[in-house]
Amino acid sequence: MDLVLNAADYHLLTPYVYPSAWPENEPFRQLLSLFVITNLGALALYLLFGTLSYYFIFDHELKKHPQFLENQVQREIAFAVRSLPWISVPTVALFFAEVRGYSKLYDNIEDSPYGWSGVILSMLSFLFFTDMGIYWIHRFLHHKLLYKHFHKPHHLWKIATPFASHAFHPVDGFMQSLPYHIYPFLFPLHKVTYLGLYIFVNVWTISIHDGDYRVPKILRHVINGSAHHTDHHLYFDYNYGQYFTLWDKIGGSYKSPTSFEGKGPHDYLRKLREKESNGRENGCEPRTMPNGDSEKNK
Ligand SMILES: [Zn+2]
Ligand SMILES: [Zn+2]
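FYI, UniProt numbering numbers position 213 of the sequence shown as 213, with every residue one higher than the one before it.
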């Protein structure tokens, strides 16, 4: 985060915003700047990639699903925008610790213990570590004592859109992002790599809510994609993972996505259309389908 803070200080904050007497490394100034940068950055990532995904990837046909809520898109955005500033409070505390030099982030490739291979290895270990962390934290948030208080709002969206990706209760949002923030305090990581990974995880979170269920056949049971996460929103107790299905398989919560078995939301809509057109051909009113696919409506 200090890369972003230094760039903001150099190009904008020092020349135009703060009085010249306020030193760049003064803690309160750093906290204030980090708070503004974190909020604007998170909002920009969410709205930019969420909007691109919503207009270019998300299948708008899904909005006809009986479990798609009224004004859902507006509600998802409003929920996320209200939560982000609260999530940013503890996040900024961790970014501040990074900026003050308490993390194991380093500037140059030469500082990497194993050169370029160390950088590549750290990217893989970051993905493995955060995938494992999010799996267990997410599963923990499904515990009956916590679910209602913190995680239930995210499950309001049964047929999610890309804008549901950041629509969390603040405690839930921060808890699930914790592995990303803890990693650089435990393991060495290149600063630019960290920034890239941070953007990547935000885009990935959007992508598992985008309703595009395609995954190369060979990776269908390895990668946790939108098909897997859609079933998590619909059936609750399965597919808690983030990028891979590994921990769901270890933890016994893996479920082959219904959309790979011809029973997903798109198949449901197709059957609904067929029923309606059969009804019209037979001259009778279309029958209302039962409300949704979920086994239980938690
Ligand atoms: Zn969940
Ligand atoms: Zn979700």
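Each residue gets a CB set at the ideal place from its N, CA and C atoms; glycine is no exception. Treat the numbers as computed from the prediction; the structure is a model and nothing was measured.
Name the two residues that bound the continuous alpha helix (DSSP H) containing residue i.
i: F163; result: First-last for F163: undefined, no H or E at that position.
i: P90; result: 72-99
i: V215; result: Unbroken run through V215: none, as it is neither H nor E.
i: H267; result: The question names His, but residue 267 is Asp in the sequence shown. Run containing D267: 265-281, per the alpha helix (DSSP H) assignment.
i: G196; result: 191-207
i: Q67; result: Q67 -> no alpha helix (DSSP H), and no H or E assigned at all.
Hey, is residue i close to ligand 1, as in C-beta under 8 Å from one of its heavy atoms?
i: F236; result: yes
i: residue 299; result: Here the chain has residues from 1 to 298 only, and residue 299 is not among them.
i: L34; result: no
i: Y240; result: yes
i: V142; result: Reading off the sequence, residue 142 comes out as His, not Val. Yes.
i: H169; result: no
To the nearest angstrom, report how far apart residue i and residue j are at their CA atoms.
i: G252; j: A8; result: 46 Å
i: Y16; j: S125; result: 40 Å
i: H233; j: H155; result: 6 Å
i: N39; j: L272; result: 42 Å
i: Q30; j: I120; result: 31 Å
i: L246; j: V222; result: 7 Å
i: K249; j: M123; result: 22 Å
i: I182; j: E276; result: 52 Å
i: L178; j: F68; result: 30 Å
i: D111; j: V192; result: 13 Å
i: D212; j: Y54; result: 11 Å
i: G262; j: D2; result: 48 Å
i: R100; j: V89; result: 17 Å
i: T258; j: D267; result: 9 Å
i: M175; j: R280; result: 50 Å
With hydrogens ignored, establish whether the beta-carbon of residue i is closer than 8 Å to any heavy atom of ligand 2.
i: I208; result: yes
i: residue 304; result: With the chain covering only 1 through 298, there is no way to say anything about residue 304.
i: A80; result: no
i: A227; result: no
i: S165; result: yes
i: A160; result: yes
i: H190; result: no
Is the beta carbon of residue i less than 9 Å from the beta carbon of residue j?
i: residue 299; j: A42; result: Any answer about residue 299 is impossible in this case: the structure gives the chain only from 1 up to 298.
i: H190; j: I109; result: yes
For residue i, which of helix, strand or coil comes out of DSSP?
i: Y243; result: coil
i: I250; result: helix
i: E11; result: Reading off the sequence shown, one finds His at residue 11, where the question assumed Glu. In the structure shown, H11 sits in a helix (DSSP, three-state: H, G or I).
i: Y102; result: coil
i: I223; result: strand
i: A21; result: coil
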